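Going line by line, the protein sequences match chains A and B. Position 13 of the first sequence, counted from 1, bears residue number 13 in the UniProt record's numbering, the numbering being contiguous throughout. Position 227 of the second sequence, counted from 1, bears residue number 227 in the UniProt record's numbering, the numbering being contiguous throughout. Note that the Cβ used here is the ideal one computed from N, Cα and C, for glycine as well. Since the structure is predicted, the reported quantities are computational estimates derived from the model, not experimental observations. Notes follow once the structure below has been shown.
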Amino acid sequence: MKHVLKLFSLLVVISALWIGLLQASIIPRSHSWLLPIYFIVSLGCYGLLMVGVGLMRFPTCPREALLLQKDIAEAKDFLKQKGVDVGSD
Amino acid sequence: MEQKNKYSIIVPTYNERLNIALIVYLIFKHLRDVDFEIIVVDDGSPDGTQEVVKQLQKLYGEDRILLRPRPKKLGLGTAYIHGLKHASGNFVVIMDADLSHHPKYLPSFIKKQSETGASIVTGTRYVKGGGVHGWNLMRKLTSRGANVLAQTLLWPGVSDLTGSFRLYKKSVLEDVISSCVSKGYVFQMEMIVRASRKGYHIEEVPITFVDRVFGSSKLGGSEIIEYLKGLSYLLVTT
Numbered sequence: 001m002k003h004v005l006k007l008f009s010l011l012v013v014i015s016a017l018w019i020g021l022l023q024a025s026i027i028p029r030s031h032s033w034l035l036p037i038y039f040i041v042s043l044g045c046y047g048l049l050m051v052g053v054g055l056m057r058f059p060t061c062p063r064e065a066l067l068l069q070k071d072i073a074e075a076k077d078f079l080k081q082k083g084v085d086v087g088s089d
Numbered sequence: 001m002e003q004k005n006k007y008s009i010i011v012p013t014y015n016e017r018l019n020i021a022l023i024v025y026l027i028f029k030h031l032r033d034v035d036f037e038i039i040v041v042d043d044g045s046p047d048g049t050q051e052v053v054k055q056l057q058k059l060y061g062e063d064r065i066l067l068r069p070r071p072k073k074l075g076l077g078t079a080y081i082h083g084l085k086h087a088s089g090n091f092v093v094i095m096d097a098d099l100s101h102h103p104k105y106l107p108s109f110i111k112k113q114s115e116t117g118a119s120i121v122t123g124t125r126y127v128k129g130g131g132v133h134g135w136n137l138m139r140k141l142t143s144r145g146a147n148v149l150a151q152t153l154l155w156p157g158v159s160d161l162t163g164s165f166r167l168y169k170k171s172v173l174e175d176v177i178s179s180c181v182s183k184g185y186v187f188q189m190e191m192i193v194r195a196s197r198k199g200y201h202i203e204e205v206p207i208t209f210v211d212r213v214f215g216s217s218k219l220g221g222s223e224i225i226e227y228l229k230g231l232s233y234l235l236v237t238t
């Protein structure tokens, strides 16, 4: 099944639940009417939260940059000795 | 003892005369007891990349370094297909030539594959032990945003969709690549999402990504639009 259909059927199930809730009026209608809005807002909040958390914990590796410089120097030395043209830049 | 695995490392290049020499040295340094070949697919670089590769062939052997050039810039996806045609290994590694992918991680790819029997091992920057260096806040923000969007909509089952340091079983790469049509880094995303949908076993290993030329990874409005287009394309086709 195409993924978009999967998402669509999920949406249908959620809407069905919502309509059921509206019909059954377990909670007052004035509240349940607003549920889709809550849903969208919480989805947005989830997204922002995930981006925020991801940004805060963004893994960085300053040490790797230094190690790479060493590796580059080592490689250049070796290749120069062997006559490979690594000069000029 | 089944020590008969051979790894073909495909490295597409364009104007990488220095980097290709460095990366070849580092690959040979880190893969000592492994049977491998390096396939350089050069898209007609004007800077003499191919001359350097020929010097490297003299040093390391023409059976270890294969130069398979193309006349002009023809895109990343077709570069892999081109390299794949000349690959004699049963595994294929694809990596960038600009040293943002360090060959020292190759042994962990190979180890992970042999431990798990996975069809694909993909490098991820977003787990413990991985990381990125040289990105400003804006770059990190777009990267995180793009990732959250893709994870929420596509459920791909891997944490780093646009990374391009990967090891494939050769037959799996051939299968997946033939059904991919995207370009650029959307291509990397398409590859891994299609592989995941086809039910291939995918494992991850942490890698670090060092952007040496600060701010070189351009991510402007048009890239973001391309990305969103790619995302919706994958939503309706996979």
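Which residues DSSP lists as bridging residue i, in chain order
{"i": "B/Ile65", "result": "B/Ile38"}
{"i": "B/Ile202", "result": "B/Ile120"}
{"i": "B/Val210", "result": "B/His133"}
{"i": "B/Lys6", "result": "B/Asp35"}
{"i": "B/Thr13", "result": "B/Asp42"}
{"i": "B/Arg70", "result": "B/Asp43"}
{"i": "A/Thr60", "result": "B/Val132"}
Cβ of residue i within 7 Å of any chain A Cβ
{"i": "B/Lys111", "result": "no"}
{"i": "B/Val40", "result": "no"}
{"i": "B/Leu235", "result": "yes"}
{"i": "B/Val181", "result": "no"}
{"i": "B/Gly215", "result": "Because the pLDDT at B/Gly215 is just 47, under 50, the model does not fix this residue reliably, and the value given afterwards should be weighed accordingly. So no, B/Gly215 is outside the interface."}
{"i": "B/Gln50", "result": "no"}
{"i": "residue 243 of chain B", "result": "Only positions 1 to 238 of chain B appear in this structure, which leaves residue 243 of chain B out of reach."}
{"i": "B/Leu18", "result": "yes"}
{"i": "B/Ala97", "result": "no"}
{"i": "B/Tyr25", "result": "yes"}
{"i": "B/Leu228", "result": "no"}
{"i": "B/Leu231", "result": "no"}
{"i": "B/Ala21", "result": "yes"}
{"i": "B/Phe238", "result": "Residue identity check: residue 238 of chain B is Thr in the sequence provided, not Phe. Yes, B/Thr238 lies at the interface with chain A (some Cβ there is under 7 Å from its Cβ)."}
CB contact below 7 Å: residue i versus chain B
{"i": "A/Met50", "result": "yes"}
{"i": "A/Val13", "result": "no"}
{"i": "A/Cys45", "result": "no"}
{"i": "A/Ala73", "result": "no"}
{"i": "A/Asp77", "result": "no"}
{"i": "A/Leu66", "result": "no"}
{"i": "A/Gly20", "result": "no"}
{"i": "A/Pro59", "result": "yes"}
{"i": "A/His31", "result": "no"}
{"i": "A/Leu55", "result": "yes"}
{"i": "A/Lys80", "result": "no"}
{"i": "A/Pro36", "result": "no"}
{"i": "A/Val4", "result": "yes"}
{"i": "A/Val41", "result": "no"}
{"i": "A/Pro28", "result": "no"}
Cut-off 6 Å between Cβ atoms - residues of its own chain near residue i, not counting five sequence neighbours on either side
{"i": "B/Gly215", "result": "Residue placement at B/Gly215 cannot be trusted, given a pLDDT of 47 that sits under 50; what the coordinates show is reported in the next sentence. Counting only Cβ-Cβ distances below 6 Å, and skipping sequence neighbours, we find nothing."}
{"i": "B/Ala118", "result": "His201 and Glu203"}
{"i": "B/Lys112", "result": "Val121, Glu203 and Val205"}
{"i": "B/Leu26", "result": "Pro103"}
{"i": "B/Arg166", "result": "Ile94 and Thr122"}
{"i": "A/Ser32", "result": "Leu21 and Leu22"}
8 Å CB neighbourhood of residue i in its chain, flanking five on each side removed
{"i": "B/Leu56", "result": "Ile20, Ala21, Val24 and Ile65"}
{"i": "B/Ser45", "result": "Thr13, Tyr14, Asn15, Glu16 and Arg17"}
{"i": "B/Arg125", "result": "Gly131, Val132, Asp160, Gly163, Pro206, Ile207, Thr208 and Phe209"}
Beta-carbon proximity list for residue i, same chain, < 7 Å, skipping 5 on both sides
{"i": "B/Tyr227", "result": "Ala146 and Val186"}
{"i": "B/Glu72", "result": "It should be pointed out that residue 72 of chain B corresponds to Lys in this sequence rather than to Glu. Cβ within range, chain order: Asp43 and Gly44."}
{"i": "B/Phe28", "result": "Tyr60"}
### Task
Could you pull out every unbroken beta strand (DSSP E) segment of at least 3 residues lying fully inside the stretch 88–172 of chain B, listed in chain order?
91–94, 120–124, 131–133 and 166–169
#### Entry: Every unbroken beta strand (DSSP E) inside the stretch 1–31 of chain A [3 residues or more]
none
### Task
Please list the residues of the stretch 187–211 of chain B that have a C-beta atom closer than 7 Å to any C-beta atom in chain A, keeping them in chain order.
Thr208 and Val210
### Query
Closer than 9 Å, Cβ to any Cβ of chain A: which residues of the stretch 140–153 of chain B, in chain order?
Lys140, Leu141, Ser143, Arg144, Gly145, Asn147, Val148, Leu149, Gln151, Thr152 and Leu153
#### Entry: Positions along the stretch 111–136 of chain B whose CB lies within less than 9 Å of some CB in chain A
Arg125, Tyr126, Val127, Lys128, Gly129, Gly130, Gly131, Val132, His133, Gly134 and Trp135
#### Entry: Contact set between the stretch 75–103 of chain B and chain A, restricted to residues whose Cβ is under 8 Å from the partner
Leu99 and His102
### Message
Could you tell me which whole alpha helix (DSSP H) segments of length 4 or greater appear in the stretch 172–197 of chain B?
### Response
184–197
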